[in-house]
Structures are given as C-alpha cells and as structure tokens.
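Visitor:
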Amino acid sequence: MKIIILGAGQVGGTLAEHLASEANDITVVDTDGDRLRDLGDRLDIRTVQGRASLPNVLRQAGADDADMLVAVTNSDETNMVACQVAYTLFHTPTKIARVREAAYLTRGEELFDNDAIPVDVLISPEQVVTNYIKRLIEHPGALQVIDFAGGKAQLVAVKAYYGGPLIGQQLRQLREHMPNVDTRVAAIFRRDRPITPRGDTIIEADDEVFFIAAKANIRAVMSEMRRLDESYKRIVIAGGGQIGERLAEAIESRYQVKIIEMNAARCRYLSDTLDSTVVLQGSASDRDLMLEENIADADLFLALTNDDEANIMSSLLAKRLGAKKVMTIINNPAYVDLIQGGEIDIAISPQLATIGTLLAHVRRGDIVSVHSLRRGAAEAIEAIAHGDSKSSKVIGRSIGEIHLPPGTTIGAIIRDEEVLIAHDATIINAGDHVILFLVDKKHIRDVEKLFHVGLSFF
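Going by full-length UniProt numbering, the first residue of the sequence shown is number 1, and it counts up by one from there.
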C-alpha cells in the first residue's frame, strides 16, 4: 500500500516504523527537517519537508496515487485541512485524522462527512488513553487489559507471583483448577523472551502471562496467577488536562477522586465541570501537599501530565509516601521499559495505545482491531471470517487444520453473543470474530492473507 503519514512526531514516527517493516510504500511529511532525517536514516521510507496541508507538498509526497493519508500532526486544523485537500484535489480513498479538541469531536457526525470535512476515520488519542486507563482501574493487578468484540472477551496480562495457585504447575492444570471457566493462555513472556504456551508449560513466578476469557471470567482467572488485589476506592490524579478530566468524569461516580492541577484557571474549570471530584491547586511533586492530602490512604496514584519527568518524580514521591499503586503516562517510549515494574507499577505509552487504533484501519484483510502488547513487542489482532469454505482459508476448518504462521496462536472466537475459547477441534464459521496473538510481527502479512477473501481492503 502507498501511505502518506503527515507528522513525524511520536505517533507518526512509531506508525512509520510499524508499517515500513511490513513492505508498505511510506512517505512522511513534516516541517522539522532534523526529525525527518532521523526517520529516513533508520527506516526505508521517503520524507518530504513542508507544511502538511499544502497541495504542492501533498503532491510532492505522492498524493496523486496514494491509497491512504494518515494525518497525525500536532494541529487538529492542519489534519482536517489536509484531509479536505486530499479528498478534493487527489481523490485519496482513505483519510485518517487525529483530532484532539473535544469541541470538534462532540459535533463529529455533522462535521466529519464527505459533504463537510471528509475524514473517514477519526482518532482521538486522549479518548483512547482514557479508555485504556479505565480498564486497568477496573482490573486491579492487571498490566494490560484489551477489549474484543465490544468487550465480550478480554485479553489480560498479569505478572505471576509467588503463592499463586498455578505457580509451578503445568498449564493443562488450569482446567482442573477451574472446571467451570474456559480460558486460554495466549502467550508467556519470561525474562522478556516469548514462550509459546503448551499444555506441559510450567508457569514460573515473575512470568508475564497473557490470557483470554469472557469478560465475566477475568477475575477468576487472575486469581489463579496471583493474589487478587482489592478494588480501588480512593484515586488521586496528577494533571487536570484532557486525559485527567475525561478519566475523572468517567470514574467519579464509582470512586473517590481527587485531581491535583497547577493552573488556577484550569482548576476553576474542572470544579465547575466535574460533579464529585475534589480539585486541588498545586504540584503533585509538593511533598507537603501530598502529606496534607493523605496520599498514604490513596489506593491508586495516576500521573497524567504531559511532562514525563514530572510524572516520574511525582509517582516516585507518591509511592514513597505510601500510595498503594502508581501508574504514570510516559510519552518517551525509551523510558517505558526503564521504569515499569519498580517503584512505578505500570507505565502507559499513549503512542502505543493510539498506534493500535491506527493499525486497525491500515491492515489488509478483514482486520477490525489491532493492539500492541508489551510496548510493541507483540500484537493481538481481531479478524472477522468472511466468505465461505471455498473462498476462505479458515471458514469450515477446525483450528487444528489451519496453517498458522510461526509464533501465532488463536485465543478465542466470538460467535454472536458467545465467547468460545479456541481448541484444536473448534470450527470457524462465517461471521466469527477470531482473536489471534502474534509474538513475531513479521508474520502479520501472513495473518492478513488468511482472512482476506478478495474483497475490498476497507
């Protein structure tokens, strides 16, 4: 596919990295020549320096015959105008835009239409990250929680701890422990290396275990891997920006929420907008303020500002002063692996959360969602089986008969309202949502081919 990416920031650069490794024809446009040179040196891509919304810049980038335009600059307006120019002058088939401003998004149905602003897919990073954090709050102890088929099934990552019922046991004993719950371990990472799970695989303490189950069974399966954490009650959020505000709005009816925000005008706005959230003006790195607000009683401290260093320092302070769990947003991917798992329990990369949403619209075949796991080391994919036994490589076949690429497992099938955990004898029907786990991303093309039946790519 010929894809033009507008914006060479964290999201644009990470997306280019993912797609360039899959033999796509990628061109990245940005005003920052240094960023473009850095990307061009690392990746096999074209770069064009210039303003992303200008017709001559888009033509130089190859808009005349591009299959897709992905506008992820830091400016909503630039992204929207670029989609309009691509539609009007170059008839680009698929246009994706990152739009952050809530005022645009709330009128999305009226604004984003071929008769108005022609954007085919809207990406709101703040909403994606808010939903991601909300799922982590709902499952204390989970490192990652991913919804499939509208939340009917979930893939959950947990760290196996000493004392868990399954530690030192073979995976096949999971069924003996839980005869009434069907689940499947999709992958295990041990000392950062992937292990393909088999019936005789023994779970060790500190393994990162990814399992899939119906949403209602998640807590029961988690209890086999580790002692269950108690549900959170008191939550402190550092940073009252868009993510902090949206998260507080989403959870304040079920939890006791406090927001710490430096800007006085923003504090007044949050106080007027939110219902029961307590808004405090100050710095989350202020030790006296944290002690005064009884941070030791907090079940969860969330650092959600735009400043990585401020997030890390306030998180370390909160943990030192007694906060039970700490999660922090880290924009620089290089920091994520450095800090997660020590004093900071979970490091959240907004780029990786957003990339999954973008990749779902870029993949070929009948792929409906893509999620990066373990900071991009692996992927979980939801694909729909279309066609019939003649046109499809999977329909009418049992899972044991399907030639899956190396390092790929099928974890579950969602059929209508039913979640079927994958076993070798399970037969795939037309319309099934199939959840696959890929440890090695170089085989993504092979997975796409499995689920492609000669229909339009989109």
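For glycine and all other residues, C-beta sits at the position ideal for the given N, C-alpha and C.
Flag this pair as yes or no: are the beta carbons of I96 and L358 separated by less than 8 Å?
Guide: The answer is yes: Cβ separation under 8 Å.
Visitor: Just curious, the beta strand (DSSP E) that M178 is in, first and last residue?
Guide: Taken as a continuous stretch (DSSP letters only), M178 belongs to no beta strand (DSSP E), as it is neither H nor E.
Visitor: Tell whether a beta-carbon distance below 8 Å holds between P125 and T305.
Guide: No, Cβ-Cβ distance for P125 and T305 is not below 8 Å.
Visitor: Between the Cα of D432 and the Cα atoms of T47, Q84, I384, which residue gives the shortest distance?
Guide: Among T47, Q84, I384, the Cα nearest to that of D432 belongs to I384.
Visitor: Using CA atoms only, rank isn't needed, just tell me which of E343, G240, I395, A61 is closest to I427.
Guide: The candidate whose alpha carbon is nearest that of I427 is I395.
Visitor: Look up P194 in the DSSP assignment and give the residues it is bridged to.
Guide: Answer by DSSP bridge pairing, in chain order: F189.
Visitor: Following the continuous beta strand (DSSP E) through R59, name the residue where it begins and the one where it ends.
Guide: Looking at the DSSP string, R59 is not in any beta strand (DSSP E); the run it does join, the alpha helix (DSSP H), is 55-60.
Visitor: For a quick check, are the C-beta atoms of D388 and F451 less than 8 Å apart?
Guide: Taking 8 Å as the Cβ cut-off, D388 and F451 do not qualify as a contacting pair.
Visitor: Helix or strand or just coil, what does DSSP make of E245?
Guide: Helix.
Visitor: Please name the residue, chosen from V128, L321, L166, Y132, that lies closest to M225 on a Cα-to-Cα basis.
Guide: Comparing Cα positions, the closest option is L166.
Visitor: Run through DSSP, which three-state label would Q430 get?
Guide: Note on residue identity: the sequence assigns Ala, not Gln, to residue 430. Correct three-state label for A430: coil.
Visitor: If you scan the region 252-336 from start to end, which runs of the beta strand (DSSP E) of 3 or more residues do you find wholly inside it?
Guide: As far as the region 252-336 is concerned, its whole beta strand (DSSP E) runs of at least 3 residues are 256-261, 278-281, 300-303, 325-329.
Visitor: My output table needs one value for F90: the three-state DSSP class, helix, strand or coil.
Guide: F90 falls in the helix class under three-state DSSP.
Visitor: How would you call A82, buried or exposed, if buried means at least 16 neighbouring beta carbons within 10 angstroms?
Guide: With 16 or more Cβ atoms within 10 Å of its Cβ, A82 is classed as buried.
Visitor: Which one or two residues does DSSP pair with M68 in a beta bridge?
Guide: Looking at the DSSP assignment, M68 forms a beta bridge with I3, T94.
Visitor: Run through DSSP, which three-state label would A238 get?
Guide: Looking at A238 - three-state DSSP - the assignment turns out to be strand.
Visitor: Do the region 400-410 and the region 157-166 make contact, defined as three or more Cβ pairs closer than 8 Å?
Guide: Touching, no.
Visitor: Spatial neighbours of A284 within its chain, please: C-beta separation below 6 Å, excluding the five flanking residues on both sides.
Guide: For A284, where only same-chain residues beyond five positions count, the Cβ hits under 6 Å are A238, I260, S314.
Visitor: For S223, which of helix, strand or coil comes out of DSSP?
Guide: Reduced to three states, the DSSP call for S223 is helix.
Visitor: Who are the Cβ neighbours of K393 in its own chain at under 6 Å, not counting the five residues just before and after it?
Guide: L450, listed in sequence order.
Visitor: Since V128 is in the alpha helix (DSSP H), which residue starts that stretch and which ends it?
Guide: V128 -> alpha helix (DSSP H) spans 125-138.
Visitor: Would A61 and V48 be called neighbours here (beta carbons separated by less than 8 Å)?
Guide: Cβ atoms of A61 and V48: closer than 8 Å.
Visitor: Thinking C-alpha only, which one of Y87, Q127, I137, V129 is nearest V119?
Guide: When each option's Cα is compared against that of V119, the closest is Y87.
Visitor: Does E77 pass the burial test, meaning 16 or more other C-beta atoms within 10 Å, or should it be called exposed?
Guide: Classification of E77: exposed, given that the 10 Å Cβ count is below 16.
Visitor: Note down the Cα distance separating V156 from R415, rounded to an integer number of angstroms.
Guide: Cα to Cα, V156 sits roughly 20 Å from R415.
Visitor: By how many angstroms is the C-alpha of P93 removed from the C-alpha of residue 463?
Guide: In the structure as shown, the chain starts at 1 and stops at 458, and residue 463 therefore has no counterpart that could be examined.
Visitor: For the alpha helix (DSSP H) containing L15, name the first residue and the last one.
Guide: Taken as a continuous stretch (DSSP letters only), the alpha helix (DSSP H) holding L15 covers 10-20.
Visitor: In the DSSP assignment, the beta strand (DSSP E) including H371 goes from what residue to what residue?
Guide: First-last of the beta strand (DSSP E) with H371: 367-373.
Visitor: With 16 other CB atoms within 10 Å as the buried threshold, where does R37 fall?
Guide: Flag for R37 reads exposed.
Visitor: Would the beta-carbon of A16 fall within 8 Å of that of V28?
Guide: Yes, these two residues count as a Cβ contact at 8 Å.
Visitor: Between G12 and V72, how many whole angstroms is the CB-CB distance? I'm expecting something under 8 Å.
Guide: Confirmed, Cβ separation roughly 5 Å.
Visitor: Take S53 as the anchor and find which of N24, G7, R46, M262 has the nearest alpha-carbon.
Guide: When each option's Cα is compared against that of S53, the closest is G7.
Visitor: Give the DSSP bridge partners of residue 460, in chain order.
Guide: No answer is possible for residue 460: the residues shown for the chain start at 1 and end at 458.
Visitor: In angstroms with no decimal places, state the Cα-to-Cα distance between G199 and G282.
Guide: Near 53 Å, if we compare the C-alpha coordinates of G282 and G199.
Visitor: Put L436 into one of helix, strand or coil per three-state DSSP.
Guide: Correct three-state label for L436: strand.
Visitor: My understanding is that L373 touches I410, with C-beta atoms under 8 Å, so please give their C-beta distance in whole angstroms.
Guide: Not quite, the Cβ-Cβ distance comes to about 16 Å (not below 8 Å), so this is no contact.
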